[in-house]
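Written below as structure tokens is the structure these notes are about.
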């Protein structure tokens, strides 16, 4: 039986409306009218990568320290990945297996230096390719302000990640 990672994404477009009593209520955005989502599997050859390349090893997390001063920190040295998952823990990096204190900063995820997304605390992102052509050395992360502004005094977030082929 082949290994795999089950994946799912769900988004709910929301708009806030005011009532006659000056109260506010969130509703599903009328322009869309529903939640959107999808799910599937990412095929995985195995989980034999090192803790530093894979993000987990033998059930133990290996957090990655995300600097605030450079745009070139690779998410992994894995060059033939079928899945790359990145989550902003919302905490500073303490050690590879322990988080520090809460930090309200974002993780900027880039392909080379081109922005893919900004992850606020608790948010996650993934890339999938069953042909295993994702290259972890081309996906970079940086700690930035919540608006995406570079800040060399932002401290260093920890990301939880999984990179497997």
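Residue numbers (this note's numbering): 9 to 173. Here a beta-carbon is modelled for each residue, glycine too, at the ideal position from N, C-alpha and C.
Inside the stretch 32-109 only - alpha helix (DSSP H) runs reaching at least 4 residues: 59-62
Nearest to residue 113 (by Cα), restricted to the options 131, 42, 104 and 173: Taking the chain shown and counting its residues from 1, the one referred to as residue 113 is at position 105. Selected option, being the one with the closest Cα: 131.
7 Å Cβ shell around residue 155 - same chain, five flanking residues per side excluded: Working through the chain shown from its first residue, we reach residue 155 at position 147. Within the same chain, residue 155 has no close Cβ partners at all.
Every unbroken alpha helix (DSSP H) within the stretch 139-166, with a cutoff of 4 residues, ordered by chain: none
Extent of the continuous beta strand (DSSP E) to which residue 119 belongs: Taking the first residue of the chain shown as 1, we reach residue 119 at position 111. Run containing residue 119: 114-119, per the beta strand (DSSP E) assignment.
Bridge-paired residues (DSSP) for residue 122: Within the chain shown, numbered from 1, the residue matching residue 122 stands at position 114. 119, per the DSSP bridge assignment.
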